[in-house]
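Its first residue numbered 7, the sequence shown is counted upward by one per residue in this note's numbering. Beta carbons are placed, not taken as given, at the ideal position from N, Cα and C, and that holds for glycine.
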Amino acid sequence: MIATADDLFGTIGGGNLEMTALTRARELLAEGQTAPEMLTLRLNDKAPAKYGRQCCGGEVTMLFEPLPVPASVAIFGIGNIGLELTRILARHDLDLTVSDSRPEQLEAIDGLEEPVARIRPEFAVVGEEVLSALPAGAHVVIMTHDHAEDLHLCSAALTRGDLGSVGLIGSSAKWQRFRKNLAAEGFAPEVIDTIRCPIGLPELPGKAPATIAVSVAADLLGRMS
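Right under this line is the structure:
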């Protein structure tokens with residue numbers, strides 16, 4: 007039987023046995039546990055039962071194996087900063103999508119050290135197609151070479167509404183222009199405000215690509231922890 011936070015696949019027979027197992031499985035997921043756990047239940051009418059008695063006789067021992075899902079991050083725009091950010095995030099256990107509308111920019115990914123992350127390069131003229139295929143809860147960083155492309159990606163991210171976070175590189179002036187454009191598209195102010203811009207840690211200033219990438223990575227990893 008496979009249990010997720012809000013779904014269930016398969017069965018171990020229903021009744022108190024299954025509900026007890028399901029409840030404990032979801033507790034382990036919510037707590038972020040990774041170690042296996044055993045649980046034994048007696049199946050008789052005198053055994054403690056929270057979800058109804060079962061009098062089949064005997065007992066059942068169950069093995070719980072939590073399988074945490076690695077975080078998913080997508081970087082749109084593999085320029086100088088995007089490449090530095092990819093280099094940092096590649097050292098972490100996560101699913102990393104890197105997308106650019108310029109195929110030559112993605113070639114630099116091949117030169118990275120052996121990554122810990124599972125990197126998926128995506129060449130896409132229309133980045134929204136890549137964004138739409140990301141899993142729910144994915145964290146998106148938008149830093150393409152084209153402000154129009156950035157705006158389209160912001161709009162697509164807000165339309166989804168199920169992403170873990172959305173960050174946009176740029177100045178406060180750029181963000182004010184984007185806010186007006188997104189509002190003109192019909193997005194409510196509170197929805198627009200889910201996008202973070204500027205991105206990174208304000209206490210870590212600097213304009214060098216590597217410095218900005220460290221700042222953005224630190225902020226992002228902190229939000230995912």
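- Between residue 215 and residue 172, the alpha-carbon positions lie close to 20 Å from each other.
- Here residue 81 carries a strand assignment [DSSP, helix/strand/coil].
- For residue 220, the enclosing alpha helix (DSSP H) begins and ends at 215-230.
- For the stretch 91-153, the continuous beta strand (DSSP E) assignments of 3+ residues that do not extend past its boundaries occur at 100-106, 124-129, 145-148, in sequence order.
- Nearest to residue 169 by C-alpha distance, out of 192, 154, 200, is 200.
- The DSSP-derived three-state label of residue 25 is helix.
- Counting along the chain, the unbroken alpha helix (DSSP H) around residue 196 starts and ends at 195-198.
- Counting the other CB atoms within 10 Å of its CB gives residue 225 a total of 16 or more, which places it among the buried residues.
- CA-CA distance, residue 184 to residue 164, rounds to 13 Å.
- Shown here, residue 210 sits in coil according to DSSP, grouped into three states, outside any helix or strand.
- Boundaries of the alpha helix (DSSP H) harbouring residue 188: 178-190, taken from the DSSP string.
- An exposed status is given to residue 182, since fewer than 16 other beta-carbon atoms sit within 10 Å of its beta-carbon.
- Spanning the alpha carbons of residue 92 and residue 13 requires a straight line of approximately 33 Å.
- Taking 8 Å as the cut-off, the beta carbon of residue 78 is found closer than this to the beta carbon of residue 144.
- Residue state for residue 165 is assigned as helix, using DSSP reduced to three classes.
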